[in-house]
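2 protein chains.
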Amino acid sequence: MRFWSKYSRIMQQKNMPLCVGLDTAVEMLPTMLKERATTDAAITDALLEFNRAIIEATHDVTAAYKLNLAFYEQYGAAGWLAFEKTLAYVPDDCLIIADAKRGDIGNTSKAYAKAFFERYACDALTVAPYMGKDSVLPFLEYTDNMTFVLALTSNAGSADFQRLHASDFSGESSKEKSAQELYKHVIQSSLSWLPEPSARNCGFVVGATHPAELAAIRTMIPNEMLLIPGIGAQGGDLASTLRANNGAPCLINSSRAIIYASAGKDFAEAARKAAENFLNG
Amino acid sequence: MRFWSKYSRIMQQKNMPLCVGLDTAVEMLPTMLKERATTDAAITDALLEFNRAIIEATHDVTAAYKLNLAFYEQYGAAGWLAFEKTLAYVPDDCLIIADAKRGDIGNTSKAYAKAFFERYACDALTVAPYMGKDSVLPFLEYTDNMTFVLALTSNAGSADFQRLHASDFSGESSKEKSAQELYKHVIQSSLSWLPEPSARNCGFVVGATHPAELAAIRTMIPNEMLLIPGIGAQGGDLASTLRANNGAPCLINSSRAIIYASAGKDFAEAARKAAENFLNG
């Protein structure tokens, strides 16, 4: 499975599960780039120049880059162009995660899967599970790519539905699901949908803001891939996260603390230092 | 509230809750358009020419157009341009729904809300609820626009999580939620998050494939706006849907049966006829 072999190679080389989130927004760019972003074409260029400099400065100490589509879509087609062109700057020894949180009826999810896994050749994608099997399966069918299903997200709103205790009282005993938190149903169901379980191409998003639950999830799925956001600005703590994760395969995301480490001309160097120091905190 | 007044005006004029889904894909275009779509720029033009012809032929018998972003994103920036430019062809007497099913942590949802409600001036947007309050609230804060939260979707996968019986056993009695299907929690919670309840700018997506549940939902929320997809190819039936909806405010979506009514040169006329006959079946 291409994702896993790439991940193993990267971890051997770099021994660093850092995923840098390219949450690139015009208003956060260093002044000299921000000032130039006055037209659609100039916005594309400014976002791209920033991303290129960040990637060049950090790629040898970074396992993955995560591009959250919201940041690009806010600039419409100009942002999409910046997203597309950024992908070309990511070298082979880094994974690319499209953080799109997509999920729609079967045919539509198919169109999304094709876009991100074929057209853009992303290694991984985040997917929202609310619409169930036929919305997730089109992604899982790309067994060379990793599909990260949202399980227990890093935000406060994760308490609203993901933690509800849920069970299937439909009466069909074969389908009955025991009462447990919704995110555990999501994990179990998603894994049961894998078209080739041995490909292990279903991972999960679990926020660093929930270390106790992360540890519990690791007893459920000790070997599956996790994408762990929420370190830093969102309140997650790296040491507790690493302890809870217990050495299992993961990518730990940091966005703002790395890419906006400096707003000056030294932004790329500062990002490099922040990435280097990530594990040493 | 702008959405509601526009909706009322349209229903007075047209007495037609039809929402036409512009699920426009190159491989489904009439031959003469499909053949031209060989470069990115030509793809934009072909999608746009198709959408323009469909809108011109149907707008006076159509209440709303729904653009599912997946269909446009599959062509990258070229598709986004077609999406953006299509919006300009929708006349004032039709609502525009961006079917994006977005939902992310607070800051990111804010970027999405800004994109769809400000940059693109869409009247309404579909939103995925899995990430909870802070992922939905940034949309609800646009009280002039309608936010359609996914509740009980039209696809088979709606049974996987949306129908699980869920309750909050957290022990904090003030927060306790009674055991009921997850989609009912989603409806109740989303309504409780409205920053200005009187603006009534939270609607729901309920599939036409569940007429009994639609009727039950109408006893819960007799006056809220519903977006009802799933008629036609997905198996929903118009007569049962109208009966279950009990005359309450709604938009009923039809995509393929209208826009692909003919694959020949007469595609626009055929779409018009299909739209005219929608309510007469």
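Protein sequences appear in the order of chains Z and E. With our numbering, you'll find the first sequence wraps up at 293, consecutive numbering, no jumps. With our numbering, you'll find the second sequence wraps up at 293, consecutive numbering, no jumps. C-beta: ideal position from N, C-alpha, C; glycine also.
Between N258(Z) and A227(Z), the gap from beta carbon to beta carbon is short of 9 Å. For V217(E), no alpha helix (DSSP H) run applies; the uninterrupted beta strand (DSSP E) run containing it begins and ends at C214 to V218, by DSSP. Using a CB distance cut-off of 9 Å, M143(E) counts as an interface residue toward chain Z. Exposure of S210(E) is indicated by the presence of fewer than 16 other C-beta atoms within 10 angstroms of its C-beta.
Here R114(Z) is bridged, per DSSP, to V139(Z). Look at Y272(E) here: in three-state DSSP terms it is coil, with no helix or strand label.
For V102(E), the three-state secondary structure derived from DSSP is coil. Taking all protein chains in view, the Cβ of K277(Z) is surrounded by fewer than 16 other Cβ atoms within 10 Å, so the residue is classified as exposed. Taking the C-beta atoms as reference points, D116(E) is found no nearer than 9 Å to K126(Z). With a threshold of 9 Å between beta carbons, G276(Z) makes no contact with chain E.
Looking only at I271(E), S147(E) and G88(E), the smallest Cα-Cα distance to L41(E) is reached by I271(E). Proximity of chain E to L176(Z) at the Cβ level (cut-off 8 Å) is accounted for by A178, S179, D180, K189, L194 and H197, in chain order. The Cβ atoms of P241(Z) and G33(Z) sit closer than 9 Å to each other. Closest by C-alpha distance to P141(Z), out of N167(Z), S202(Z), A133(Z) and D180(Z), is S202(Z). The alpha carbon of A163(Z) has as its nearest neighbour, out of L137(E), V148(E), S166(E) and M143(E), the alpha carbon of M143(E). Of all residues in the region 128 to 152 of chain E, the ones placed with a Cβ closer than 8 Å to any Cβ belonging to chain Z are R131, Y132, A140, P141, Y142, M143, G144, K145, D146, S147 and V148, in chain order. Chain Z has no Cβ within less than 9 Å of the Cβ of E61(E). At least one beta carbon of chain E lies nearer than 9 Å to the beta carbon of S170(Z). Between K126(Z) and chain E, the shortest Cβ-Cβ separation is below 9 Å.
For I233(E), the three-state secondary structure derived from DSSP is coil. Not a single CB atom of chain E sits nearer than 9 Å to the CB of L79(Z).
Our two residues, K196(E) and G215(E), have alpha carbons roughly 13 Å apart in a direct line. Rounded to the nearest angstrom, the gap between the Cα atoms of W205(Z) and D156(E) is 40 Å.
Residues of the region 85 to 113 of chain Z that bring their beta carbon within less than 7 Å of a beta carbon in chain E comprise E85, Q86, G88, A89, W92, L93, E96 and K113, in sequence order. The continuous stretches of alpha helix (DSSP H) do not include M158(Z), which lies in the beta strand (DSSP E) extending over residues M158 to L164. At least one CB of chain E lies nearer than 9 Å to the CB of S121(Z). Here DSSP, grouped into helix, strand and coil, assigns S266(Z) to strand. Close to chain E, meaning a Cβ-Cβ distance shorter than 9 Å, is no residue of the region 253 to 272 of chain Z at all. In this structure, E85(Z) is the residue among V139(Z), E85(Z) and N119(Z) with its C-alpha nearest to the C-alpha of T120(E).
Per the C-alpha coordinates, the member of N80(Z), D105(Z) and L107(Z) positioned closest to F95(Z) is N80(Z). Residue nearest to E193(Z) within the set K18(Z), A178(Z) and A53(Z) is A178(Z) (criterion: CA-CA distance).
The C-beta of Q25(E) comes no closer than 9 Å to any C-beta of chain Z. Rounded to the nearest whole angstrom, the CA to CA distance from Y132(Z) to A191(E) is 43 Å.
The alpha-carbon separation between E236(E) and R175(E) amounts to approximately 21 Å.
N292(E) is bridged by DSSP to nothing; it lacks a bridge partner. Under DSSP, V32(E) takes part in a beta bridge, and its partners are Y77(E) and S266(E).
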